[in-house]
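My numbering numbers the first residue of the sequence shown as 15 and each following residue consecutively. C-beta atoms are modelled at their ideal positions from N, C-alpha and C, and glycine is treated no differently. As the structure is a prediction and not an experimental result, all values here were calculated from the model.
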Amino acid sequence: MENMAHHTHRDPTTSEGSSDAASPQKRPARPDPAEMVRILDCTLKRDARALQALKDQEQGVLYEVAQRHSGQAFCFAPVAVDLIDAMIRLQLGLPSQRSQGFTEIVRAIAATLWEDQHCRSRLNQLWIMLNENHRTPK
15 MENMAHHTHR DPTTSEGSSD AASPQKRPAR PDPAEMVRIL DCTLKRDARA
65 LQALKDQEQG VLYEVAQRHS GQAFCFAPVA VDLIDAMIRL QLGLPSQRSQ
115 GFTEIVRAIA ATLWEDQHCR SRLNQLWIML NENHRTPK
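Next comes the structure, spelled out in structure tokens:
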């Protein structure tokens, strides 16, 4: 994962690269890739046992993503982006309100993590686990 710092970041849903020359004022500064991987690693260390040990409210945030996209195959948007959004909010204790700037930062973090096969695989494992265990409302 050390080579993450040398990757060119791009949004996997577009053909656009990370060159900000076209509109630098519209793009948020990208966080350090190593820090993004650290946040993901901290969060994804939550295996099935650890997921069960989370407070109900914390589980609810992750299961809400699974319920919202129930039956959908693992993909960049909206699944991975929403998972990353939920994990960052849990990790940092942020409210569910979304500003445009925060949404853009989450998407940039998700794109960086999506490019790393190991991170993508771990996100996929989390998605499978959430789908297998999510609670449907009665």
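Three-state class that DSSP yields for residue i in the structure shown
i	result
residue 134	helix
residue 112	coil
residue 74	helix
residue 48	helix
residue 88	coil
residue 15	Confidence at residue 15 is low in this model, with a pLDDT of 40, below 50, so the placement of that residue should be treated as unreliable; the coordinate-derived value is given next. If DSSP states are grouped into helix, strand and coil, residue 15 belongs with coil.
Rounded Cβ spacing between residue i and residue j (contact assumed at less than 8 Å)
i	j	result
residue 104	residue 72	6 Å
residue 144	residue 48	Not confirmed; about 26 Å, so no contact.
Residues of its chain near residue i, where Cβ-Cβ distance is below 7 Å and the 5 sequence neighbours each way are ignored
i	result
residue 93	83, 86 and 141
residue 70	none
Spatial neighbours of residue i in its chain, beta-carbon cut-off 6 Å, leaving aside the 5 residues before and after
i	result
residue 124	94, 95 and 98
residue 155	Outside the modelled stretch of the chain, which goes from 15 to 152, sits residue 155, for which no answer is possible.
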